[in-house]
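Asks: Chains as they are written, first to last, in the working numbering: chain D, 1 to 207; chain X, 208 to 517. Every residue, glycine too, gets a C-beta built ideally from N, C-alpha and C. First, the structure itself, so that you have it in front of you.
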């Protein structure tokens with residue numbers, strides 16, 4: 001876990017981890033030194049080193065925080081959490097209270113699969129006018145040679161008179177959920193294929 | 208001097224044997240190479256206006272296949288495969304593992320499995336030769352046998368038989384997606400990162416027992432070669448809408464079919480994203496059939512229409 005762990009510490013310093021990872025980190029006292037070092041390095045690089053260096057910052061901050069009332073908001077920013085282990089314990093308790101966001105079973109793992117699928121979905125509604133073209137205007141243009149910079153913008157959506165903006169958004173949201181789910185299934189289904197291959201007889205479809 | 212000799216060796220010797228090798232044998236050698244070889248490939252993936260650089264490493268540690276995939280741009284996103292387990296390590300969620308013998312996101316899973324499975328839907332045709340990633344490459348076309356799926360072109364390294372490039376094309380030869388190796392390094396032994404990955408303890412495989420069997424949906428028509436891989440019912444990620452789900456595949460193209468209660472806002476009847484992913488919806492009474500996949504919309508529409516409950 002060491003290499004992975006180091007990356008986590010580094011990511012945490014930059015505030016890029018989630019609560020659960022933070023809690024794991026906080027439990028690992030070995031990482032605390034690294035945490036401090038990364039911050040000191042970061043400060044040094046930005047030329048923000050204090051005149052006198054308090055050598056164990058995290059300990060003194062932890063002590064200071066212990067005197068403060070517990071923070072109730074679940075939206076704790078990354079630095080606060082890891083600096084004080086006690087604080088984390090509190091937060092871990094809270095995150096048990098708010099698993100509202102976590103209770104989708106296997107689908108909680110999906111968030112990132114989906115991210116890029118949503119991008120660039122062009123949504124067209126067939127109207128009487130363009131019924132002539134069977135598949136509504138495709139933007140499948142060749143890729144080679146058009147190496148434009150990576151952009152994460154959704155393409156312009158052709159407005160249809162009969163839909164309000166809200167309906168358009170709702171429709172786009174629904175399209176996205178289907179596409180996201182399809183992308184996630186591609187990951188999960190490869191597992192199913194593995195099981196299939198290991199069986200001599202084709203998988204019984206349904207009992 | 209050594210380089211020249213090597214180049215000669217690489218060009219002359221295999222060329223003699225390779226001259227009359229049928230396309231299918233090339234593909235079988237590719238499938239074997241993807242499983243056996245130890246290599247590092249730097250790859251770019253083109254999809255619509257997006258370019259994604261990635262690195263793929265593959266090797267064998269203690270007779271187990273170990274592979275590592277890293278996306279080089281944007282937030283860290285990695286996948287590690289040890290044997291039959293693939294672990295995704297992503298920036299915004301705890302790492303999780305699934306059971307799979309293939310990291311989804313690089314070469315299609317079909318590239319490293321049995322080629323004869325693909326023969327129902329595609330015809331293998333030997334193409335020309337060209338230079339890719341500084342290596343001589345042999346092109347193989349996978350021509351769709353019907354108009355229900357897209358075609359593919361694969362370039363194979365003539366030396367290692369590893370894939371150097373793959374294009375996904377519409378019937379009128381428009382490029383939908385491309386994966387191209389820009390540097391391929393063959394290794395003598397598994398790189399240290401794979402050896403580390405092998406020793407590392409990865410999260411346990413997530414329990415997919417929650418996948419309950421779905422209803423017994425049947426299709427009165429499916430394009431040749433397509434079969435049902437998975438069926439279940441689950442809730443969609445974002446909206447938690449309950450859906451009946453069926454996954455279809457012909458080896459290369461994957462299609463998801465959903466049956467759900469029709470929403471208040473109708474979905475468009477047809478839609479195509481710029482990377483070739485299509486979506487078709489059809490209203491049946493107060494239910495809605497939605498089909499998603501990288502195939503022509505006509506295919507999805509026909510599949511959606513042919514769905515029935517037994």
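With H, G and I counted as helix, E and B as strand and the rest as coil, what does DSSP make of residue 261/X?
Replies: Position 54 of the second chain, counted from the start, is the residue given in the question as residue 261/X. Strand at residue 261/X.
Asks: Taking contact to mean at least 3 C-beta pairs separated by less than 8 Å, is the segment 286-299 of chain X in contact with the segment 421-429 of chain X?
Replies: Counting Cβ pairs under 8 Å, fewer than three are found: no touch.
Asks: Going by alpha carbons, who is nearest to residue 288/X out of 436/X, 403/X and 258/X?
Replies: To locate residue 288/X, count along the second chain from 1; it is residue 81. Comparing Cα positions, the closest option is 403/X.
Asks: Taking the alpha carbon of residue 269/X as the point to measure from, which residue in 475/X, 245/X and 393/X has its own alpha carbon closest?
Replies: Here residue 269/X refers to the residue found at position 62 when the second chain is read from its first residue. With distances taken between Cα atoms, residue 269/X lies closest to 245/X.
Asks: Taking its Cβ as the centre, do 16 or more other Cβ atoms sit within 10 Å of residue 189/D, making it buried, or is it exposed?
Replies: Here residue 189/D refers to the residue found at position 189 of the first chain. Residue 189/D is buried by the Cβ-count criterion.
Asks: Helix, strand or coil: which one does DSSP assign to residue 387/X?
Replies: Here residue 387/X refers to the residue found at position 180 when the second chain is read from its first residue. In the structure shown, residue 387/X sits in a strand (DSSP, three-state: E or B).
Asks: Quick check on DSSP: helix, strand or coil for residue 325/X?
Replies: What you label residue 325/X is simply residue 118 of the second chain in a count that begins at 1. The answer is helix: DSSP assigns residue 325/X an H, G or I state.
Asks: Taking 8 Å as the threshold, find out whether the segment 480-497 of chain X comes into contact with the segment 335-351 of chain X through three or more Cβ pairs.
Replies: In short, these stretches do not touch, since the Cβ pair count stays below three.
Asks: Specify, as a first and last residue, the run of the alpha helix (DSSP H) that residue 243/X falls within.
Replies: Reading the second chain from its first residue, position 36 is the one you call residue 243/X. Segment 230-243, the alpha helix (DSSP H) holding residue 243/X.
Asks: Along the chain, where does the beta strand (DSSP E) that runs through residue 372/X open and close?
Replies: For the purposes of this step, residue 372/X is taken as residue 165 along the second chain, with counting starting at 1. Start and end: 370-376.
Asks: On the CB-based measure, 16 or more other CB atoms within 10 Å of its CB, does residue 427/X come out buried or exposed?
Replies: Along the second chain, read from residue 1 onward, the residue named residue 427/X stands at position 220. Per the 10 Å Cβ criterion, exposed.
Asks: Name the two residues that bound the continuous alpha helix (DSSP H) containing residue 247/X.
Replies: Position 40 of the second chain, counted from the first residue, corresponds to residue 247/X. It is not in any alpha helix (DSSP H) - residue 247/X instead sits in the beta strand (DSSP E) that spans 246-254.
Asks: Should residue 123/D go down as buried or exposed, given a rule of 16 or more other Cβ atoms within 10 Å for buried?
Replies: Taking the first residue of the first chain as position 1, residue 123/D is located at position 123. Because the pLDDT of residue 123/D is 40, which lies under 50, any placement of that residue in the model is unreliable, and the number read from its coordinates should be weighed accordingly. Burial call: buried.
Asks: Less than 6 Å between C-beta atoms, sequence neighbours within five positions excluded: which residues of the same chain meet that for residue 474/X?
Replies: Within the second chain, residue 474/X is the residue found at index 267, counting from 1. Within the same chain, residue 474/X has close Cβ partners 488.
Asks: When DSSP builds the beta bridges, which residues end up paired with residue 285/X?
Replies: Counting from 1 along the second chain, the entry for residue 285/X is found at position 78. Bridge partners of residue 285/X: 277/X and 296/X.
Asks: Determine, using beta carbons only, whether residue 279/X and residue 253/X come nearer to each other than 8 Å.
Replies: As a first step, residue 279/X must be located in the second chain, where it is residue number 72. As a first step, residue 253/X must be located in the second chain, where it is residue number 46. Contact: no.
Asks: Would you call residue 477/X buried or exposed, if buried means 16 or more other Cβ atoms sit within 10 Å of its Cβ?
Replies: Translated into the one-based positions of the second chain, residue 477/X becomes position 270. Residue 477/X is buried by the Cβ-count criterion.
Asks: Hey, does residue 38/D have any beta-carbon neighbour from chain C nearer than 8 Å?
Replies: In the structure shown, chain C does not exist; the protein chains are D and X.
Asks: Kindly list the residues whose CB is nearer than 7 Å to the CB of residue 364/X, restricted to its own chain and excluding five residues on each side of it in sequence; keep chain order.
Replies: Counting from 1 along the second chain, the entry for residue 364/X is found at position 157. Result list for residue 364/X: 342, 344, 371 and 391, in chain order.
Asks: Under DSSP, the beta strand (DSSP E) around residue 456/X begins and ends at which residues?
Replies: Counting from one through the second chain, the residue named residue 456/X turns up at place 249. 449-456 is the span of the beta strand (DSSP E), which, as asked, contains residue 456/X.
Asks: Using a C-beta cutoff of 8 Å, does residue 573/X count as contacting chain D?
Replies: Here chain X covers residues 208 to 517 and nothing more, so residue 573/X does not appear.
Asks: Looking only at its chain, what residues have a beta carbon closer than 7 Å to the beta carbon of residue 382/X, apart from the 5 residues adjacent to it on each side?
Replies: The sequence position of residue 382/X within the second chain is 175, counting from 1. Correct list, in chain order: 374 and 376.
Asks: If we ignore side chains and look at the alpha-carbon of each, how far apart do residue 286/X and residue 314/X end up?
Replies: As a first step, residue 286/X is located in the second chain; it is residue number 79 there, counting from the start. As a first step, residue 314/X is located in the second chain; it is residue number 107 there, counting from the start. Answer to the nearest angstrom: the Cα atoms are 14 Å apart.
Asks: Mind listing the chain D neighbours of residue 465/X? Cutoff is C-beta to C-beta under 9 Å, in chain order.
Replies: As a working note, residue 465/X is residue 258 in the second chain. Residues of chain D passing the Cβ test: 178, 181 and 182.
Asks: Let me check understanding here. Comparing Cα to Cα, which of 401/X, 230/X, 393/X and 486/X lies closest to residue 172/D?
Replies: Position 172 of the first chain, counted from the start, is the residue given in the question as residue 172/D. For the residues 401/X, 230/X, 393/X and 486/X, the minimum Cα distance to residue 172/D belongs to 486/X.
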